[in-house]
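Worksheet: the structure to be examined is printed underneath.
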Amino acid sequence: MEDQKQSFSANGNNDNNNDKKSDGGGEGDRPVRVYADGIYDLFHFGHARALEQAKKSFPNAYLLVGCCNDELTHTYKGKTVMNEKERYESLRHCRWVDEVIPDAPWVITREFLEKHQIDYVAHDSLPYADASGAGNDVYEYVKSVGKFKETKRTHGISTSDIIMRILKDYNQYVMRNLARGYTRKDLGVSYVKEKRLRVNMGLKKLHERVKQEQERVGEKIQTVAKTARIHRNEWVENADRLVAGFLEMFEERCHKMGTAIRERIQERLRGQQQLRGLLYDEEVDDGFYDNSEEEEDDYVNVDEK
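So the sequence shown is numbered by the UniProt record's numbering: it starts at 1 and just counts up by one.
Listed below in structure tokens is the structure:
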């Protein structure tokens, strides 16, 4: 039933809910008629959740939502962002709302409850000051007769919070709308204010660009440093491999060179030994021949005697 598509008449009433049957809580077969009211400026999900609670407060509830007009609201609460027609239309498009009551009273009275056959009024339990001066709490009468149904507020969201966010970043929103084609007159901004905002926004954009460039350069430096570390590790590994290869090759060549030197030395030594052997043999031969001549002389001397 809550998901059923609603159709509204021109005056905001729902024509599809007049024949609803009660699942309990109402008189006879009539559904429980629950009423919620408010300003509903800048309609947000906090409003929708409160209306959902009111709708689900009974198994079969018919939710009527009253919305105060601009005159009452501006008098007792202050200027709104949306006008009354926009606020009424926002409520009509909420899935939990069965009927919208425009020009709702600021303070709920017995006559109003009887006129709309309201069984319960749903709202949060915090006292809502009566700016009209009729009482201390706009829901004072409803609470006194036992027809008040408490709902819970959604923390962190309200119309005042949304307006505060806009005011906090006012200059940015002005520049945003100027960039979208609105004139300074449309925004109620003076010529000097517009130029000052443009200069400030230009400086802010320049600062953001410088910051982005710094971050980009920083990322590049980190990338280069990381790459350098990788290359350094590769270079160290390659250098170790090259040095090991060089030492191995050098050792092999030194071994070959040492072997060649030893062989050449041995060869020279063998040559010298052979030369010495030849010289020794020649000396022996010379001595042999010298002795033979002496012997011949002896023989000659003997013969002569």
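From the three backbone atoms N, C-alpha and C, an ideal C-beta is built for every residue, glycine too.
| query | result |
| --- | --- |
| Between Tyr170 and Asp41, what straight-line distance do the alpha-carbon atoms span, to the nearest angstrom? | 19 Å |
| Bridge partners of Thr151, per DSSP? | Asp124 |
| Taking the beta carbon of Asp98 as the centre, do at least 16 other beta carbons fall within 10 Å, making it buried, or is it exposed? | buried |
| Just to confirm, is the Cβ distance from Gln53 to Lys152 under 8 Å? | yes |
| Tell me which residue opens and which closes the alpha helix (DSSP H) that Ala48 is part of. | 45-55 |
| Under three-state DSSP, which class holds Ile157? | coil |
| Answer with buried or exposed for Lys21, where buried requires no fewer than 16 other C-beta atoms within 10 angstroms of its C-beta. | Low local confidence applies: a pLDDT of 39 at Lys21 is under 50, so the model's placement there is unreliable, with the coordinate-based value given in what follows. Its Cβ having fewer than 16 others within 10 Å, Lys21 is exposed. |
| From Glu84, Ala228, Phe246, pick the residue whose C-alpha is nearest to that of Glu71; which is it? | Glu84 |
| Hey, Asp119 and Val34 are a contact pair by Cβ (cut 8 Å); roughly how many whole angstroms apart? | 7 Å |
| So what's Val34 in DSSP terms, helix, strand or just coil? | strand |
| Who does Gly66 pair with in a DSSP beta bridge? | Asp37, Ile101 |
| List the endpoints of the continuous alpha helix (DSSP H) containing Tyr173. | 170-179 |
| Check for me: the alpha helix (DSSP H) holding Tyr88 runs from which residue to which? | 84-92 |
| Tell me where the alpha helix (DSSP H) around Asp186 begins and ends. | 184-187 |
| My understanding is that Lys149 touches Ser57, with C-beta atoms under 8 Å, so please give their C-beta distance in whole angstroms. | 5 Å |
| Just list the residues that DSSP pairs Ala129 with in beta bridges. | Asp137 |
| Check the DSSP bridge columns for Ala61 and list the partner residues they point to. | Val32 |
| Specify the secondary structure class of Thr80 as computed by DSSP and reduced to three states. | coil |
| Closest to Lys79 by CA distance: which of Glu140, Ala104, Ile39, Lys55 is it? | Ile39 |
| Taking the alpha-carbon positions, what's the Asp37 to Cys67 distance? | 6 Å |
| Please state the DSSP three-state secondary structure of Asp23. | In this predicted model, Asp23 has a pLDDT of only 44, less than 50, meaning its place in the structure is not dependable enough to derive any value. |
| Roughly how many whole angstroms lie between the Cα atoms of Val236 and Gly218? | 26 Å |
| Would the region 184-203 and the region 156-175 be scored as touching if the rule is three or more Cβ pairs under 8 Å? | yes |
| Quick one: grab the DSSP three-state call for His74. | helix |
| With DSSP collapsed to three states, give me the class of Val224. | helix |
| What would DSSP say about Val107, mapped onto helix, strand or coil? | coil |
| Quick one: what does DSSP say His116 is sitting in, helix, strand or coil? | coil |
| Grab me the residues of Phe136's own chain with a C-beta within less than 6 Å of its C-beta, minus the 5 sequence neighbours each way, in chain order. | In the sequence as displayed, the identity of residue 136 is Asn instead of Phe. Closer than 6 Å at Cβ, skipping near neighbours: no residue. |
| Compare the C-alpha of Arg95 against each of Thr75, Ala48, Arg87 and name the closest. | Ala48 |
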